[in-house]
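Everything in the sequence shown is counted per UniProt numbering, starting at 1 for the first residue and increasing by one. Backbone N, C-alpha and C fix where the C-beta goes; we use that ideal spot for every residue, glycine too. The structure displayed is predicted, hence computed values, not measured ones. Working notes, structure below.
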Amino acid sequence: MSVQVRQMVKSFGTFRAIDDLSVTFQSGKISVLLGASGCGKTTTLRCIAGLENPNGGEIRIEDEPVFSSARGIDLPPEKRRLGMVFQSYAVWPHLTVKGNVGMPLRAQKVPKEQIERRVQETLAVVGLSEQADKSAMKLSGGQQQRVSIARCLVGNPRLILMDEPLSNLDARLRVEMRNEIRQLQQRIGATILFVTHDQEEAMSLADEIFLFNKGKVEQQGSPEDLYFRPAVRYVAEFLGKANLFPVTLRGEAGQTAIYAAGSDHLITKGDIVRPRGDEALCMIRPESWQIGLAEGDRVGLPATVLEAVFVGDRRELHVDTPIGRQIVVTPGHQRFSAGARISLTIASQQIHLLPDRL
Ligand code: ATP
């Protein structure tokens, strides 16, 4: 079920939380709404659910308008046929697992035998069949979250909205649950809109990421698109770490030489996708720098290690270079100490140029 949002505005008092938002979330995909705290992710989800009333614009679910300010349409949440999973599991502790999952169907007065069958099927989908008669109180955090997912799935929603559903789980369980959500989505082919501010969660789950900033979408695309080909500086800096510095471009298309701005330091040359003009902002991800031969190497950029932070699987080097400070990531087993002199090189394919200025 695709979701189309057109020119949506939502204000709280004089503050515009959603500012003329137009996006389409694709059917049968996981769309992740990512962004810093307060950028409007939850408000967007709540407007789609019908829990919040936009001031203007239109929302369609698979071409059916569920909200339209111009046409005076505003379907109540229960008529939008969607399921929601929140950060708080909201399971009823005094009920069994089965009792919790069957609740939405009982509220709709579905016949008893149908409820029983549907609950059993749904529990099998989330791997909780064996816990069906257990008291919800006795479940672990991950199992409780699965109960709330099952409760959302039991009514066969055409669309599932998830708002930070994994935030209350510990780090290991979070990873496990996000893999389960991914597998579940592939099995049932549902459309999921998933809100998070955790970039790793976003990149590992999403078919498409929508990076929000101040009530608008700054960029949308596959996780790789956003990470390797950010359209603007904000995106480059929000996702992962980025070395950014101004450069001057010389030569023609196909053989562009990239020099650090205002210097003769050649960064690299090759067939590079260049923005308009001869000036650009160069982005290099920390893991893309290659550590070359040590001092005296005339090919690379000379660098001095200021700090080497060991993070287990990798080591993060903060280095001083003639073009400013750079972050370089190397495998954890490679040892460097402060003061070490190295040189850095970069393949032209690993460079991304942005039209922004510093
Ligand atoms: P977070 O990750 O912190 O939940 P978010 O991106 O989901 O952030 P929203 O909850 O959508 O952000 O809030 C967007 C902005 O609107 C915030 O500045 C918030 O303070 C404001 N806001 C949200 N709900 C209300 C409300 N009911 N009354 C007043 N302001 C609100």
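So the candidates are the options; which of them puts its Cα closest to the Cα of residue i?
i      : options                        : result
Ala190 : His352, Gln219, Val154         : Val154
Gly35  : Gly324, Asn243, Phe210         : Phe210
Arg315 : Ser337, Arg250, Ala303, Gly324 : Ser337
Ser222 : Ile30, Val125, Arg325          : Ile30
Tyr259 : Arg182, Phe310, Ile351         : Ile351
Asp74  : His94, Gly83, Gly50            : Gly50
Asp170 : Val319, Arg60, Ile59, Gln87    : Gln87
Cys39  : Arg341, Val125, Phe238, Ala347 : Phe238
Gln144 : Glu279, Pro275, Glu201, Pro93  : Pro93
Thr330 : Glu164, Asp313, Asp133, Asn213 : Asp313
Ser2   : Ala17, Met8, Ser22, Gln26      : Gln26
Ser129 : Gln326, Val175, Glu279, Gly99  : Gly99
What's the gap between the Cα of residue i and the Cα of residue j?
i      : j      : result
Leu358 : Ser263 : At Leu358, the pLDDT of 46 sits below 50, so the modelled position is not reliable and the matter cannot be decided from this model.
Ala231 : Leu353 : 9 Å
Ala70  : Lys10  : 15 Å
Asn156 : Pro355 : 46 Å
Thr62  : Ile192 : The question names Thr, but residue 62 in the sequence shown is Glu. The straight-line gap from Cα to Cα measures roughly 13 Å.
Leu344 : Arg46  : 48 Å
Gly72  : His197 : 33 Å
Phe194 : Val32  : 5 Å
Asp19  : Phe67  : 17 Å
Gln4   : Asn53  : 16 Å
Tyr227 : Pro104 : 40 Å
Gln199 : Gly240 : 8 Å
Ala347 : Thr268 : 7 Å
Gln349 : Thr304 : 25 Å
Val319 : Ala202 : 29 Å
Lys323 : Pro286 : Reading off the sequence shown, one finds Ile at residue 323, where the question assumed Lys. So the alpha carbons of these two residues sit roughly 15 Å apart.
Arg158 : Arg233 : 36 Å
Pro77  : Glu121 : 25 Å
Buried or exposed: which applies to residue i, given that a residue is buried once 16 or more other Cβ atoms fall within 10 Å of its Cβ?
i           : result
Leu266      : exposed
Met162      : buried
residue 359 : Beyond the ends of the chain as shown, which are 1 and 358, falls residue 359; an answer cannot be given.
Arg178      : buried
Pro302      : buried
Lys41       : buried
Ile188      : exposed
Asn243      : buried
Gly215      : buried
Ser37       : exposed
Phe15       : exposed
Phe12       : exposed
Pro275      : exposed
Met137      : exposed
Glu252      : exposed
Glu224      : exposed
Pro111      : exposed
Glu116      : exposed
Looking at the unbroken alpha helix (DSSP H) that takes in residue i, where does it start and where does it end?
i      : result
Pro77  : From DSSP, Pro77 is part of no alpha helix (DSSP H); its letter is neither H nor E.
Thr14  : Unbroken run through Thr14: none, as it is neither H nor E.
Arg233 : 233-238
Lys112 : 112-125
Leu153 : 141-153
Which residues mark the beginning and the end of the beta strand (DSSP E) in which residue i is found?
i           : result
residue 369 : Nothing about residue 369 can be read from this structure; the chain reaches only from 1 to 358.
Within the region 38-100, note down every full alpha helix (DSSP H) run reaching 4 residues or more, in order along the chain. 41-49
Could you pull out every unbroken alpha helix (DSSP H) segment of at least 4 residues lying fully inside the region 280-327, listed in chain order? none
Curious, which full-length beta strand (DSSP E) runs of at least 3 residues does the region 175-205 contain? 191-196
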